[in-house]
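In this note's numbering, the protein residues as written are -7 to 69.
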């Protein structure tokens, strides 16, 4: 069974860091961040940066290979 991911610590599993929680769905810290407009905006900006960095990392490690044919992501449709 896969462990749930922490919505606040991007890319990390939920470690049940609060007492009496079963996962992110009943975590009071997650609830506070998601209910506060300023914290949620900061969270969204950091999430976007994390996702951008992950995409760049994947693109850098996935160099095109000549024996594999055209790259489907760069081929015009």
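For each residue, glycine too, the CB sits at the ideal point set by N, CA and C.
- Segment contact: the region -3 to 8 against the region 32 to 50, three or more CB-CB distances shorter than 8 Å; contact assigned.
- In the DSSP assignment, residue -3 forms a beta bridge with 5.
- Boundaries of the alpha helix (DSSP H) around residue 49: 29 to 53.
- DSSP places residue 14 outside both helix and strand once states are collapsed to three, so it counts as coil.
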